[in-house]
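*Asks:*
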Amino acid sequence: MILQKLVAAETLLVIPCSKGKRSGGEPSSREQSPWPPDLLTARQSNLETAKADERQLLPAWLRYTGGFYTTAGSELRDAVARDTPLLILSGGYGVLHAEEPIGDYNKILRLTDWPGGLLEDLLIREAGRRDVSSVVAFAASSSDYAKLIRRTKWKEAGLGAFLVTIRNAGTGASGKVPRLLGQAFACFWRGRPAEMYPEGTTVEILG
Numbered sequence: 004m005i006l007q008k009l010v011a012a013e014t015l016l017v018i019p020c021s022k023g024k025r026s027g028g029e030p031s032s033r034e035q036s037p038w039p040p041d042l043l044t045a046r047q048s049n050l051e052t053a054k055a056d057e058r059q060l061l062p063a064w065l066r067y068t069g070g071f072y073t074t075a076g077s078e079l080r081d082a083v084a085r086d087t088p089l090l091i092l093s094g095g096y097g098v099l100h101a102e103e104p105i106g107d108y109n110k111i112l113r114l115t116d117w118p119g120g121l122l123e124d125l126l127i128r129e130a131g132r133r134d135v136s137s138v139v140a141f142a143a144s145s146s147d148y149a150k151l152i153r154r155t156k157w158k159e160a161g162l163g164a165f166l167v168t169i170r171n172a173g174t175g176a177s178g179k180v181p182r183l184l185g186q187a188f189a190c191f192w193r194g195r196p197a198e199m200y201p202e203g204t205t206v207e208i209l210g
């Protein structure tokens, strides 16, 4: 598998958010955001639509509790602890740094809710900011999360990009796919051989 040639800690990792979220957090504070005004304006609109509750905030990677996050578990925690380049795609926030504090909301990512090209440009920008040459993303194949990754112009930016999806998950795919993607993330992080990845794991070469 081509992923075995990459060093996970030196790669920009892109993962989806989840519907399941942990409640609570720390009181909201007015910290300056590292993101440009275009994203902040779009966020405000989407969070208002989702009736987000930002009175208490948690780091994004801790807020989410869906199948991907519970399965990736210690590997995701290790990636964050080592300050690995890691972004989360979010229906309410667009693009998030892993430790960026967020509130509670319920909104799936729909690309039509965001200005054209904005999220794609931010993904490219973050790859440049973290000085990586490769990107590995994990997403359900037919989701807008995957569509965003596919339409980002990685090759033009000189980046090698790979999208990990799960095919033929069968009955209950909506619940199984996030867990299988979490397993794939864990395998990639640990440098496991191809045969240890979950059945149906597919790697699309995008750049």
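Residue numbers for the sequence shown follow the numbering used here, beginning at 4 and rising by one. We put the beta carbon where it would ideally sit given N, CA and C, even for glycine. Please read all numbers here as calculations on a predicted model, not as lab measurements.
DSSP three-state call for G27: helix, strand or coil?
*Replies:* Position 24 of the sequence shown holds residue 27. Note: G27 maps to coil in three-state DSSP.
*Asks:* Flag this pair as yes or no: are the beta carbons of T68 and S21 separated by less than 8 angstroms?
*Replies:* Taking the sequence shown and counting its residues from 1, the one referred to as residue 68 is at position 65. Taking the sequence shown and counting its residues from 1, the one referred to as residue 21 is at position 18. Yes, these two residues count as a Cβ contact at 8 angstroms.
*Asks:* Helix, strand or coil: which one does DSSP assign to Y108?
*Replies:* As a working note, residue 108 is residue 105 in the sequence shown. In the structure shown, Y108 sits in coil (DSSP, three-state: anything other than H, G, I, E or B).
*Asks:* Cβ of R46 less than 8 angstroms from any chain D Cβ?
*Replies:* Here chain D cannot be found, since the structure has a single protein chain.
*Asks:* Exposed or buried, which one is I105 when buried takes at least 16 other CB atoms within 10 Å?
*Replies:* Against the sequence shown, residue 105 aligns to sequence position 102. Result: buried.
*Asks:* Please report how far the alpha carbon of I169 lies from the alpha carbon of P181, in whole angstroms.
*Replies:* Walking along the sequence shown from the start, residue 169 turns up at place 166. Walking along the sequence shown from the start, residue 181 turns up at place 178. If I take the Cα positions, the gap works out to 9 angstroms.
*Asks:* Which residues in the same chain have their Cβ closer than 7 angstroms to the Cβ of A187, if we skip the five residues on either side of it in sequence?
*Replies:* Numbered from 1 along the sequence shown, position 184 holds the residue referred to as residue 187. Correct list, in chain order: F141, V167, Y200, P201 and T204.
*Asks:* Answer yes or no: do T87 and A12 have a C-beta to C-beta separation smaller than 8 angstroms?
*Replies:* Residue numbering aside, residue 87 sits at position 84 when the sequence shown is read from its first letter. Residue numbering aside, residue 12 sits at position 9 when the sequence shown is read from its first letter. With contacts defined by Cβ atoms closer than 8 angstroms, T87 and A12 form a contacting pair.
*Asks:* Consult DSSP for Q59 and reduce its assignment to one of helix, strand or coil.
*Replies:* Sequence index remark: in the sequence shown, residue 59 carries index 56 (1-based). Correct three-state label for Q59: strand.
*Asks:* Taking all protein chains shown into account, do 16 or more other C-beta atoms lie within 10 angstroms of the C-beta of G97, making it buried, or fewer, making it exposed?
*Replies:* What you label residue 97 is simply residue 94 of the sequence shown in a count that begins at 1. Buried is the call here.
*Asks:* Within the same chain, show all residues whose beta-carbon is closer than 7 angstroms to that of L121, passing over the 5 residues directly before and after it, in chain order.
*Replies:* The sequence position of residue 121 within the sequence shown is 118, counting from 1. Counting only Cβ-Cβ distances below 7 angstroms, and skipping sequence neighbours, we find D41, L42 and A45.
*Asks:* Is V10 buried or exposed, if buried means 16 or more other CB atoms sit within 10 Å of its CB?
*Replies:* Against the sequence shown, residue 10 aligns to sequence position 7. With fewer than 16 other beta carbons inside 10 angstroms of its own, V10 counts as exposed.
*Asks:* Considering only C-alpha positions, which residue in the set A75, A197, Y108 and R154 is nearest to L125?
*Replies:* Counting from one through the sequence shown, the residue named residue 125 turns up at place 122. Minimum Cα distance to L125 is reached at R154.
*Asks:* Can E78 and A189 be called in contact, C-beta distance under 8 angstroms?
*Replies:* If you number the sequence shown from 1, residue 78 lands on position 75. If you number the sequence shown from 1, residue 189 lands on position 186. Contact: yes.
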